Amino acid sequence: PLKKFLPVLRGVDVPIIWLNWGNRADLMNLNPTVLHAGNPTGDGTGYGDTPKGGRSPVLKKGSGGARICDDLKPARSDIHVDKYRLSGFWDNELDSVLRNLDVKTLLFAGVNSDRCVLATMQDASFLGYDCILIDDCAATTSPDYCVRAVKFQVRGMYGFIARSPAIIHAIEKL
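Here this note's numbering runs 345 ahead of the position in the sequence shown, where the first position is 1.
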């Protein structure tokens, strides 16, 4: 759904911001708690590690493990912001970019909906942005009960939930 949604948004001049992990190669920007969360048992693959049989380290800037999927094809006009925490609002320029664009409402898509997407949405809400989770454009590898919990939290405290066809339909009526 996101592949079809992006051109519609671009067609009405909605800024597209790609918020991707961009950790330093030496991981000096990550504290021990974040490193531990990425590999809590110490015997798996954590941030910056290369998975067994893999070719690219996890979430290092410029690596395949931190890139945008080829199918989504970012446009030249899109904005790219690196992030270093689950929330995209810490240790970077995201809030300044949004305020300079005079953005009031944010549409959220991406992975993982129960981690990075939710954490970023929470902070956006705390900063006064109106937030909409695009349900069919957000996903996670976590169990379904995590998705249900995210939707419960979003509806109750952090914003709204919509599906991309409904937004496309509203845009077409403009």
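Backbone N, C-alpha and C fix where the C-beta goes; we use that ideal spot for every residue, glycine too.
If you're wondering where the values come from, they're calculated on a predicted model, not measured in any experiment.
For a cut-off of 8 angstroms, the C-beta gap from F453 to I479 is around 6 angstroms, short enough to register as a contact. Excluding its 5 nearest sequence neighbours in each direction, L372 has C-beta neighbours in its own chain below 6 angstroms: G393, listed in chain order. Annotated as distal: Y503 and S458, with beta-carbon spacing of 7 angstroms or more.
Secondary structure note for C476: its beta strand (DSSP E) is the uninterrupted segment 475-484. In the structure shown, A454 falls within a strand segment according to DSSP collapsed to helix, strand and coil. Cβ-Cβ distances below 7 angstroms link L354 to I361 in the same chain, with the five nearest sequence neighbours on each side left out; the list follows chain order. Its chain contains D459, T485 as the residues whose beta carbon lies nearer than 7 angstroms to that of C491, once the 5 sequence neighbours on both sides are disregarded; these appear in chain order. For K406, no beta strand (DSSP E) segment is defined, and its DSSP state is neither H nor E.
Straight-line spacing of the CA atoms in N437 and P402 works out to 22 angstroms. Of the candidates A515, D475, I513, the residue whose Cα lies closest to the Cα of F505 is D475. The shortest CA-to-CA distance from I477 to any of R508, V359, A494 is the one to R508. Nearest to D423 by alpha-carbon distance, out of Y429, L431, F434, L446, is L446. Under the 10 Å beta carbon count, D358 is surrounded by fewer than 16 other beta carbons and is classified as exposed. A residue is called buried when at least 16 other Cβ atoms come within 10 angstroms of its Cβ; D388 does not meet this threshold and is exposed.
Secondary structure at V426: strand, using DSSP grouped into helix, strand and coil.
Residue pairing from DSSP places A507 in a beta bridge opposite I479.
Spanning the alpha carbons of G409 and V462 requires a straight line of approximately 20 angstroms. For R500, the closest alpha carbon among the candidates K518, S487, G473, M466 is that of M466.
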